[in-house]
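J.:
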Amino acid sequence: MNQPAAPEPAPVVELTIGPVAHGGHFVARHQGRVVFVRHALPGERVLARLTEHDDGARFWRADVVDVLDASADRQDHVWDQADALAAARSGRPAAGGAEFGHIRLEAQRRLKGEVFAEHLERAASIDVSALGFAGVEAAGEEDGLGRFWRTRMAFAVDADGRLAMHPHRSDDLVALSSMPLASEEIQRLSPWDADFSGFERVEIAAPAGGDETLVLLVPSAAAADAAGVRRAARRVASQLPDSASVSVLTQEGGAAADGRGALQRISGRTWLSESVELASGDDYQFRVTGEGFWQIHRAAPATLTDAVLGIVAPEPGQTVADLYAGAGLFTLPLAERVGSGGRVLSIEGAPGTSKDARRNLHEHRQAVIAQGRVERTLRGQLQRLSGGRGTRRLDAVVLDPPRAGAGKRAVELIAQAQPATIAYVSCDPASFARDAADLRRRGYELVTARVFDLYPNTHHLETVGHFARA
Numbered sequence: 001m002n003q004p005a006a007p008e009p010a011p012v013v014e015l016t017i018g019p020v021a022h023g024g025h026f027v028a029r030h031q032g033r034v035v036f037v038r039h040a041l042p043g044e045r046v047l048a049r050l051t052e053h054d055d056g057a058r059f060w061r062a063d064v065v066d067v068l069d070a071s072a073d074r075q076d077h078v079w080d081q082a083d084a085l086a087a088a089r090s091g092r093p094a095a096g097g098a099e100f101g102h103i104r105l106e107a108q109r110r111l112k113g114e115v116f117a118e119h120l121e122r123a124a125s126i127d128v129s130a131l132g133f134a135g136v137e138a139a140g141e142e143d144g145l146g147r148f149w150r151t152r153m154a155f156a157v158d159a160d161g162r163l164a165m166h167p168h169r170s171d172d173l174v175a176l177s178s179m180p181l182a183s184e185e186i187q188r189l190s191p192w193d194a195d196f197s198g199f200e201r202v203e204i205a206a207p208a209g210g211d212e213t214l215v216l217l218v219p220s221a222a223a224a225d226a227a228g229v230r231r232a233a234r235r236v237a238s239q240l241p242d243s244a245s246v247s248v249l250t251q252e253g254g255a256a257a258d259g260r261g262a263l264q265r266i267s268g269r270t271w272l273s274e275s276v277e278l279a280s281g282d283d284y285q286f287r288v289t290g291e292g293f294w295q296i297h298r299a300a301p302a303t304l305t306d307a308v309l310g311i312v313a314p315e316p317g318q319t320v321a322d323l324y325a326g327a328g329l330f331t332l333p334l335a336e337r338v339g340s341g342g343r344v345l346s347i348e349g350a351p352g353t354s355k356d357a358r359r360n361l362h363e364h365r366q367a368v369i370a371q372g373r374v375e376r377t378l379r380g381q382l383q384r385l386s387g388g389r390g391t392r393r394l395d396a397v398v399l400d401p402p403r404a405g406a407g408k409r410a411v412e413l414i415a416q417a418q419p420a421t422i423a424y425v426s427c428d429p430a431s432f433a434r435d436a437a438d439l440r441r442r443g444y445e446l447v448t449a450r451v452f453d454l455y456p457n458t459h460h461l462e463t464v465g466h467f468a469r470a
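According to UniProt numbering, the stretch in the sequence shown is residues 1 to 470, in order.
1. Applying the 10 Å Cβ sphere with the 16-neighbour rule, what's the burial state of Ser386?
2. If I'm right that Leu181 touches Met165 with Cβ under 8 Å, what's the distance once you round it to whole angstroms?
3. With C-beta atoms as the reference, is Ala206 less than 7 Å away from Thr213?
4. Once you ignore the five residues that flank His168 on each side, which residues in its own chain have a CB closer than 6 Å to its CB?
5. Less than 7 Å between C-beta atoms, sequence neighbours within five positions excluded: which residues of the same chain meet that for His460?
6. Kindly list the residues whose CB is nearer than 7 Å to the CB of Lys408, restricted to its own chain and excluding five residues on each side of it in sequence; keep chain order.
7. Would you grab the beta carbon distance between Val344 and Gln366 for me? Rounded to a whole angstrom, and I think it's under 8 Å.
8. Evaluate Ala159 with the Cβ neighbour count: other Cβ atoms within 10 Å of its Cβ, from every protein chain shown; 16 or more gives buried, anything less gives exposed.
9. Taking only the alpha-carbon atoms, compute the straight-line gap between Glu184 and Ala370 and give it to the nearest angstrom.
10. Could you check how far apart the C-beta atoms of Trp192 and Arg298 are, in whole angstroms? I think they sit under 8 Å.
11. Closest by CA to Ala313, which one among Leu323, Thr331, Arg337?
12. For Gln81, which beta-bridge partners are listed by DSSP?
13. Measuring straight from C-alpha to C-alpha, what distance separates Ala194 and Arg231?
14. Taking only three categories from DSSP, how would you classify Gly228?
15. Within its chain, find whatever has a CB closer than 8 Å to the CB of Arg162; leave out the 5 residues flanking it on each side and keep chain order.
16. Are the CB atoms of Val451 and His466 nearer to each other than 7 Å?
17. Would you say Val115 and His22 are within 7 Å of each other, going by their C-beta atoms?
18. Tell me whether Thr151 sits in a helix, a strand or coil according to DSSP, three-state version.
19. Quick one: complete alpha helix (DSSP H) runs, 4+ long, within the region 99-159?
20. So which of His119, Ala130, Arg110, Ala124 has the shortest CA-CA distance to Val136?
21. Leaving out five residues on either side along the sequence, give the residues of the same chain with a beta carbon under 6 Å from the beta carbon of Arg89.
22. Considering only C-alpha positions, which residue in the set Tyr455, Thr421, His364, Val229 is nearest to Gly443?
23. Check for me: the alpha helix (DSSP H) holding Gly465 runs from which residue to which?
24. State the Cα-Cα distance for the pair Gly342 and Thr377, rounded to the nearest angstrom.
25. Which residues share a DSSP beta bridge with Ser346?
26. What is the DSSP secondary structure of Leu413, counted as helix, strand or coil?
27. How close, in whole Å, do the beta carbons of Pro19 and Pro42 come, if the pair is a contact with beta carbons under 8 Å?
28. My assumption, with CB atoms under 8 Å, is that Leu263 sits in contact with Leu249. Please give the rounded CB distance.
29. Go ahead and pull the three-state DSSP assignment for Ser419.
30. Using the C-alpha atoms, what's the distance from Arg234 back to Phe432?
31. Start and end of the beta strand (DSSP E) containing Glu203?
32. Give me the Cβ distance between Arg201 and Val218, rounded to the nearest whole Å; I'm assuming they're in contact under 8 Å.
33. What separation, rounded to the nearest whole angstrom, lies between the Cα atoms of Glu274 and Ala87?
34. By DSSP, does Ile266 sit in helix, in strand, or in coil?
35. In angstroms, rounded to a whole number, what distance separates the CA positions of Thr463 and Arg33?
36. How big is the Cα-Cα spacing for His53 and Val35?
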């Protein structure tokens, strides 16, 4: 019987690396074709294995397997399991999630600044030098290598029940023995030593500076009956410290925070208490369900709130909209500052996360908590506040949309409300630049932009933009 032919090994080519591109890639050319290369640095000469190289493709993709001439900005990778060069030498895949871990931290931030500037110039014709852009800023205290900042983690589970992560653009799994980007609170849990058999995904959340930890288990499609899932969850709970609360996300009994299912508590509780202390000295307490949205960098909640309040400068009696508001991170301090004579419209799409906001704002009658698609819900709330007489004008808008951005329809509705000031929080420079162009067409100019490194050792960045009505 004929055996199937073994696949041919992917070609390895020599490349000279050019500028950084969004998505964790660097641009090179091979025989006139653009190649997007990972694990490289500008100016390096490398050997790279082509991972996508169809003859008819507009561009190819490649991963560095050896460095012939190294950049001075290259360092030993901060996480050995994500070290692509070491993985190539040993013939194993590298875990995803730290694609900039081979780059010195200050160089990472310089490269991210270049990506941000390039997108604003190309998509919105905005020159960042005219904004007084000071480069990408650090957030909070650091260990010097950009580790221990993630307070939220999501893992796959491999066939042996071990926490695992996927390599880039792959369905394979790499079993984890560590994860140095995870916060010290998650490190103390040591989840890589536990057996998660019977579950396909594990999500872990821990408040910065707290002892409590939430572990959310998602059963595999092949899981047995509900009683079997609960037994497996209790087995997991027995392997973790007493400070860990364990819940199962099932499809029984209604919807959880993002509509994925319902939470069944196994041990402890299903929510975290988050504390946010601002530069002003004000301290706010939030309740966040385990699967609800919260910023993942330990310093992000305070850093972003300080930046937003600095832009909006809310005053008593004003009306402000907080769009894509999550659990009310910005809504709560905004509500306190506009006072009982003002209004804050807090709009969030996810039902459970909106419930978190209701709990966090229940003592503030000036906060209107609304759940639904932002475009539709904003229009209805503004008409309601105006008593049916057209659309109520807003003094300011805060928006923190998902990675895809706000989009043309949301921008149109915001502009119709004629706020004098818009504070736009974005986790993606491409969608931010597209929305900035739309806002500009509707009479809003980008006055300042601050970019924060809330995702060290990855290509991601966070922007807080100040738009003013011309």
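Ideal Cβ placement from N, Cα and C applies to all residues, glycine included.
Every value quoted in this text rests on a predicted model; they were computed, and no experiment measured them.
T.: This is what the structure holds:
1. Start at 1 with the first residue of the sequence shown, and residue 386 comes out as number 386. So Ser386 ends up on the exposed side.
2. Translated into positions along the sequence shown, residue 181 becomes position 181. Translated into positions along the sequence shown, residue 165 becomes position 165. Not quite, the Cβ-Cβ distance comes to about 11 Å (not below 8 Å), so this is no contact.
3. Translated into the one-based positions of the sequence shown, residue 206 becomes position 206. Translated into the one-based positions of the sequence shown, residue 213 becomes position 213. Against a cut-off of 7 Å, the Cβ pair of Thr213 and Ala206 comes out as a contact.
4. Position 168 of the sequence shown, counted from the first residue, corresponds to residue 168. Taken in chain order, the residues that qualify are Gly96.
5. Counted from its first residue, the sequence shown places residue 460 at position 460. Within the same chain, His460 has close Cβ partners Cys427.
6. If you number the sequence shown from 1, residue 408 lands on position 408. For Lys408, where only same-chain residues beyond five positions count, the Cβ hits under 7 Å are Asp438.
7. If you number the sequence shown from 1, residue 344 lands on position 344. If you number the sequence shown from 1, residue 366 lands on position 366. Indeed, because the Cβ distance is near 6 Å, the residues count as touching under 8 Å.
8. As a first step, residue 159 is located in the sequence shown; it is residue number 159 there, counting from the start. Ala159 is exposed by the Cβ-count criterion.
9. Counting from one through the sequence shown, the residue named residue 184 turns up at place 184. Counting from one through the sequence shown, the residue named residue 370 turns up at place 370. Distance between the alpha carbons of Glu184 and Ala370: 35 Å.
10. Sequence index remark: in the sequence shown, residue 192 carries index 192 (1-based). Sequence index remark: in the sequence shown, residue 298 carries index 298 (1-based). That pair is no contact at about 20 Å.
11. Residue numbering aside, residue 313 sits at position 313 when the sequence shown is read from its first letter. Closest by alpha carbon: Arg337.
12. In the sequence shown, counting from the first residue as 1, residue 81 sits at position 81. DSSP, once it has assigned bridges, lists no residue as partnering Gln81.
13. Locating residue 194 in the sequence shown gives position 194, counting from the first residue. Locating residue 231 in the sequence shown gives position 231, counting from the first residue. Roughly 15 Å between the two C-alpha positions.
14. Here residue 228 corresponds to residue number 228 of the sequence shown, with the count starting at 1. In the structure shown, Gly228 sits in a helix (DSSP, three-state: H, G or I).
15. What you label residue 162 is simply residue 162 of the sequence shown in a count that begins at 1. Counting only Cβ-Cβ distances below 8 Å, and skipping sequence neighbours, we find Ala175, Leu176, Trp192, Asp195, Phe196.
16. Here residue 451 refers to the residue found at position 451 of the sequence shown. Here residue 466 refers to the residue found at position 466 of the sequence shown. Contact: no.
17. Residue mapping note: residue 115 aligns to position 115 of the sequence shown, counting from 1. Residue mapping note: residue 22 aligns to position 22 of the sequence shown, counting from 1. Yes, the Cβ-Cβ distance between Val115 and His22 is below 7 Å.
18. Here residue 151 is taken as the residue at index 151 of the sequence shown, counted from 1. If DSSP states are grouped into helix, strand and coil, Thr151 belongs with coil.
19. 105-124
20. As a working note, residue 136 is residue 136 in the sequence shown. For Val136, the nearest C-alpha among the options comes from Arg110.
21. Locating residue 89 in the sequence shown gives position 89, where the first residue counts as 1. Counting only Cβ-Cβ distances below 6 Å, and skipping sequence neighbours, we find nothing.
22. If you number the sequence shown from 1, residue 443 lands on position 443. When only C-alpha atoms are compared, the closest one is Thr421.
23. Your numbering for residue 465 matches position 465 in the sequence shown. Careful: Gly465 lies outside any alpha helix (DSSP H), inside the beta strand (DSSP E) at 462-469.
24. Your numbering for residue 342 matches position 342 in the sequence shown. Your numbering for residue 377 matches position 377 in the sequence shown. Taking the straight line from one Cα to the other gives about 19 Å.
25. Within the sequence shown, numbered from 1, the residue matching residue 346 stands at position 346. Partner(s): Asp322, Ile369.
26. Walking along the sequence shown from the start, residue 413 turns up at place 413. Note: Leu413 maps to helix in three-state DSSP.
27. In the sequence shown, residue 19 corresponds to position 19, counting from 1. In the sequence shown, residue 42 corresponds to position 42, counting from 1. Confirmed, about 6 Å.
28. As a first step, residue 263 must be located in the sequence shown, where it is residue number 263. As a first step, residue 249 must be located in the sequence shown, where it is residue number 249. The pair is a contact, with the Cβ atoms about 6 Å apart (cut-off 8 Å).
29. Translated into the one-based positions of the sequence shown, residue 419 becomes position 419. The identity of residue 419 in the sequence shown is Pro, whereas the question assumes Ser. Coil, per DSSP.
30. On the sequence shown, residue 432 is found 432 positions in, with the first residue counted as 1. On the sequence shown, residue 234 is found 234 positions in, with the first residue counted as 1. When rounded, the distance between both Cα atoms is 44 Å.
31. Position 203 of the sequence shown, counted from the first residue, corresponds to residue 203. It spans 199-205 - the beta strand (DSSP E) in which Glu203 sits, taken as one unbroken run.
32. Position 201 of the sequence shown holds residue 201. Position 218 of the sequence shown holds residue 218. With a Cβ gap of about 4 Å, Arg201 and Val218 count as contacting.
33. By one-based count along the sequence shown, residue 274 stands at place 274. By one-based count along the sequence shown, residue 87 stands at place 87. Glu274 and Ala87: Cα-Cα distance of roughly 38 Å.
34. Looking up residue 266 in the sequence shown gives position 266. Correct three-state label for Ile266: strand.
35. Position 463 of the sequence shown, counting from 1, holds the residue named residue 463. Position 33 of the sequence shown, counting from 1, holds the residue named residue 33. So the two alpha carbons sit approximately 32 Å from each other.
36. As a first step, residue 53 is located in the sequence shown; it is residue number 53 there, counting from the start. As a first step, residue 35 is located in the sequence shown; it is residue number 35 there, counting from the start. Roughly 9 Å separates the two Cα atoms.
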